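Numbering-wise (this note's numbering), the sequence shown opens with residue 2 and increments by one.
Where is the CB? At the ideal position from N, CA and C, for every residue including glycine.
Note that the structure is predicted; figures quoted are calculated from it, not measured.
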Amino acid sequence: FTGTLRRQIKTFEGIAEGMGLPMTATALPGLNEYDSEAVIGAIHPHKLEKPTSPEMYRSHFRLLKDGLAQWMAGVVSPHGMPSYTDFVAGITGTLDHIRKNFEGNVLLVSSGGPISTAVGHVLGTSPEATIELNLRIRNASVTEFAFTPKRHMLVTYNTLPHLDAPEHAAWVTYA
């Protein structure tokens, strides 16, 4: 399963190719990432320059954290995005569908927002903790859940077993 975003589908295809398995992705909108520009735009009306310095990156992520907190609280409605309640419902609906209809290992390819939201939901974290989880996700990381007929459980979060070798250290990146 993957979201409908091109980058998610391409990542799924790369994983399938790398594993040498003829896997076909089922695209589900519930795995799509939130629009960070829309989140920031909901609280900051002026277009921002692309960050090019450490201070600009800090400012960008401060605005993103504030925008996410306000979206999660229902204070703002970022343009073109579902409510946070509907965003969570898309993610939890996907997890529930998999739990009810599949056994064994199931590959989901998504993005930091849905992954951190799934982790936050399973662990029952606060919105603030979910935001912090989101902002710590490393690109290409692996998060694992186990499931029983009644619930999901977090097994691992944000791991990079495929990049553990010293020669891959420079490949570890964040949002």
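Throw me the rounded Cβ distance for the residue i and residue j pair, which I believe falls under 8 Å.
i      : j      : result
THR5   : VAL110 : At roughly 11 Å, the Cβ-Cβ gap does not stay under 8 Å, so THR5 and VAL110 are not in contact.
HIS153 : VAL123 : 5 Å
TYR85  : GLY94  : Their Cβ separation, rounded to whole angstroms, is 14 Å, which puts TYR85 and GLY94 out of contact at 8 Å.
PRO128 : MET73  : 4 Å
For residue i, which residues in the same chain have their Cβ closer than 7 Å to its Cβ, ignoring the five residues on either side in sequence?
i      : result
ALA28  : THR3, GLY4, THR5 and ILE10
THR160 : SER142 and VAL143
GLY15  : none
Is residue i near residue j, with beta carbons less than 8 Å apart?
i      : j      : result
LEU155 : PHE148 : no
SER112 : LEU134 : no
GLY91  : ASP36  : no
VAL214 : ILE44  : Residue numbering for the chain in the displayed model covers 2 to 176; residue 214 lies beyond these limits and cannot be assessed.
LEU96  : ALA119 : yes
LYS51  : LEU136 : no
PRO79  : GLY42  : yes
ILE138 : ALA176 : yes
VAL40  : GLY19  : no
Leaving out the 5 sequence neighbours to the left and right, which residues in its chain are closer than 6 Å to residue i when beta-carbon positions are compared?
i      : result
ALA17  : MET24
ASP87  : none
THR174 : ASN140
DSSP beta-bridge partners for residue i?
i      : result
LEU155 : PHE146
TYR175 : ARG139
THR3   : ALA28 and VAL110
THR160 : VAL143
Kindly list the residues whose CB is nearer than 8 Å to the CB of residue i, restricted to its own chain and excluding five residues on each side of it in sequence; keep chain order.
i      : result
PRO30  : GLY4, THR5 and GLY91
THR126 : VAL120 and LEU134
VAL107 : PHE2 and ILE99
PHE62  : LEU136
Is residue i near the ligand GDP - that is, is its Cβ less than 7 Å away from at least one heavy atom of it?
i     : result
LEU32 : Judged by which ligands are present, the structure shown has none, so any question about the ligand GDP falls away.
If you scan the region 87-151 from start to end, which runs of the beta strand (DSSP E) of 3 or more residues do you find wholly inside it? As far as the region 87-151 is concerned, its whole beta strand (DSSP E) runs of at least 3 residues are 143-148.
What ranges does the alpha helix (DSSP H) occupy inside the region 18-52, keeping only unbroken runs of at least 4 residues that lie completely in it? Fully enclosed alpha helix (DSSP H) runs of 4 or longer: 37-44.
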